[in-house]
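Quick note, the sequences are listed as chains A and B, same order. Numbering follows our numbering, with no gaps: position 71 of the first sequence is 133. Numbering follows our numbering, with no gaps: position 47 of the second sequence is 48. Every residue, glycine too, gets a C-beta built ideally from N, C-alpha and C. The structure presented is a predicted model; accordingly, all values stated were derived computationally and were not measured. Let me begin by presenting the structure, written as structure tokens, before commenting on it.
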Amino acid sequence: MIEVKELRRSFGPIVAVDGVSFSVEKGDVLGFLGPNGAGKTTVMRILACFLTPDSGTASVCGYDILKKPVQVRRSLGYLAENAPAYNEMTVGAFLNFVCDARQITGSKRKQSLDRIVPMCAIESVYHQTIETLSKGYQRRVGLAQALIHDPDVLILDEPTDGLDPNQKYEVRKLINKMAKDKSIIVSTHILEEVEAVCSRMIIISRGRILVDSTPEKLKEKYRCSLDEVFRKITRAKVA
Amino acid sequence: MHSFWAVFKRELKSYFTTPLAYVFLVIFLFFSGYLTFKQGFYEMRQADMRAFFISLPLLFVFMVPATAMRLWAEERKVGSIELLLTLPITVTQAVLGKFFAAWLFLAIALALTFPMAITVCYLGDPDVGLIITGYLGSLLMAGGFLAIGCFFSVVSKSQVISFVLSVVACAVLVFAGMPTTLNFASTFLPAGLVSAIENMSFQTHFESIQKGVLEFKDLSYFVLLIVGWVAAGSIVLNETKAG
């Protein structure tokens, strides 16, 4: 469902993404790992058609990101880093705006909201303005926004960052529940999360893919915990 | 089209969910009234709205950039632009949606000056056509200022910088047409250049619409100005959105 070919993107002299290729099939949950500044967010932004690559291309659900950016965005749900939202709006008004933009109207809108609000556990803050919410709730509102149209492809940039352990558990449960019939890319720094939700993992550093494997295989190969695997791989290649 | 409406609706609502709209409206209405009477509304002993319209460009130089500065600067600062432009909305739809929402807001502000028109009608027997073209000219001028403000809001992430830049740009375009500037320019510039400067100014075109003459060149001036600055804004936004 996601096909990435030789993506390259630089910002001035800094090469953020340097020839990244991979693909994600239906049912895959791909963990996207790497040190800070590795290029994870840039790849995700390119896939969500927020940035354009300098060269290379990608397709999501068969739509090319350069030729059909609007169709791509229609078929994917994207949660950006820090879950940006319109802070002065109430949660309800915000979700209704997203429905407007995604052309979810009438009874379909009611169904979507009835499904998504309990799913993300935001009933209690539905009428509150977003700026008054805790970080955890803001993140869940972001998640609700990304899931409201039940997309085939989900791209989540650090979805559990800033959540408390209970909320992290809930989000992981949610991802596992949806994994069967979607393609999901999750970026994270938390390695236990990879073990908990991901069926595959890619480690990226300085814009290049270092490893594309599964957590189990990596642990078998290196005979240590994922934490150590991560350190070994990223340090060795950087040095 | 639905994407345009989604942005438009959200933007317009956001004016009224924050104190911004009310602060703006109160200050705008106060100064539009104050300046009218300061211009000598009664002393003219004529039942028309000239005194009101004359003071508008000066008021708009400050008020319109204040409305426009947040359009994109805030969106980029908070990061919500990443949300907006990863929804199935194109940059053009987003820019137009925001622009028209802000324009409608300014239209509401202008419409709320209706007591002025009622006063004039009560005091005498004014030329209604003149009042209508006066309002039309004001609305077009507000659109022109707004397009400029919208552009500078795209250029800078800082609302203050975008405000200052658009005030300067708008002021230049207003003052270029003032008689003092033109008299001064004519002392050392050839007549052709002076009239070019004059024709580039808001003031000139606004005054001629205000006189009740709807000429093609005045309308096209405003339309081109709006289209040009809005288009420039969306081109720049496309380049700088992620920065």
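In the DSSP annotation of this structure, ASP49 of chain B is not part of any beta strand (DSSP E), being labelled neither H nor E. Where ALA120 of chain A is concerned, the enclosing beta strand (DSSP E) starts and stops at 117–122. Between ALA206 of chain A and chain B, the shortest Cβ-Cβ separation is not below 8 Å. Taking 7 Å as the Cβ-Cβ cut-off, the stretch 127–140 of chain A approaches chain B at VAL132, ARG135, ARG136, TYR140, given in chain order. Three or more Cβ pairs closer than 8 Å define a contact, and the stretch 273–289 of chain A falls short of that threshold against the stretch 111–130 of chain A.
Contacts with chain A (Cβ-Cβ distance below 7 Å) from the stretch 79–107 of chain B involve VAL79, GLY80, SER81, GLU83, LEU84, LEU86, THR87, LEU88, PRO89, ILE90, THR91, listed in chain order.
Within the stretch 187–238 of chain B, the alpha helix (DSSP H) runs of at least 4 residues that lie entirely inside it are, in chain order, 192–201, 203–211. Close CB contacts of LEU205 of chain A within its chain, under the 8 Å cut and outside five residues either way in sequence, are with LEU141, ALA145, CYS182, LEU218, PRO221, VAL233, LEU236 (chain order). With respect to the 8 Å criterion, ARG107 of chain A and ALA243 of chain B are classified as neighbours on the basis of their beta carbons. In this structure, PHE159 of chain A sits near ALA7 of chain B, with a CB-CB distance shorter than 8 Å. Taking 7 Å as the Cβ-Cβ cut-off, the stretch 149–164 of chain B has no residue approaching chain A. Counting only residues of its own chain and dropping the five nearest sequence neighbours on each side, LEU111 of chain B has a CB closer than 8 Å to the CB of TYR136, SER139, LEU140, ALA143.
For the stretch 160–173 of chain A, the set of residues with a beta-carbon nearer than 9 Å to any beta-carbon of chain B comprises VAL160, CYS161, ASP162, ALA163, ARG164, GLN165, THR167, in chain order. Taking a C-beta distance under 8 Å as the contact criterion, ASN239 of chain B and VAL79 of chain B do not qualify as a contact pair.
In this structure, LEU30 of chain B places its C-beta atom within 8 Å of the C-beta atom of THR114 of chain B. Contact with chain A is absent for ALA22 of chain B, since none of that chain's Cβ atoms lies less than 8 Å from the residue's Cβ. Under a criterion of Cβ atoms nearer than 8 Å, the residues of chain A adjacent to ALA243 of chain B are, in order, ARG107, PHE112, LEU113. Cβ contact annotation for ARG71 of chain B (same chain, cutoff 8 Å, sequence separation greater than five): LEU21, SER154, GLN160, in chain order.
LEU86 of chain B carries a coil assignment under DSSP once its states are collapsed to helix, strand and coil. Here the alpha carbon of SER72 of chain A sits roughly 27 Å from the alpha carbon of ALA147 of chain A. Going by DSSP, ARG11 of chain B is part of the alpha helix (DSSP H) stretching over 3–18. When A:VAL273, A:GLU65, A:SER287, A:ARG285 are compared, the shortest CA-CA separation from ALA298 of chain A is found for A:VAL273. C-alpha of GLY98 of chain B to C-alpha of PHE292 of chain A: approximately 46 Å in a straight line. Boundaries of the alpha helix (DSSP H) around ARG234 of chain A: 227–240. Assigned with DSSP and collapsed to three states, PHE112 of chain A falls in coil, not helix or strand. Note: VAL65 of chain B is not bridge-paired with any residue in the DSSP secondary-structure output. Taking 8 Å as the cut-off, the Cβ atoms of TRP230 of chain B and CYS151 of chain B count as close. Pairing GLY139 of chain A with PRO213 of chain A gives a Cβ-Cβ distance under 8 Å. As the crow flies, the alpha-carbon of MET63 of chain A is around 11 Å from that of PHE84 of chain A.
In the three-state DSSP reduction, PHE73 of chain A falls in the strand class (E or B).
Assigned with DSSP and collapsed to three states, ASP274 of chain A falls in strand. Among the residues facing chain A, THR68 of chain B is not included, as its CB has no counterpart in that chain under 8 Å away. Neighbours of GLU150 of chain A in chain B, taken as residues whose beta carbon is under 7 Å from its own, are SER15, THR18, THR19 in chain order.
Around the beta-carbon of MET2 of chain B, fewer than 16 other beta-carbon atoms lie within 10 Å, marking it exposed. By the criterion of a C-beta distance shorter than 8 Å, LEU195 of chain A is surrounded in its chain by VAL153, VAL187, VAL203, once the five residues flanking it on both sides are discounted. Spanning the alpha carbons of VAL86 of chain A and SER174 of chain A requires a straight line of approximately 26 Å.
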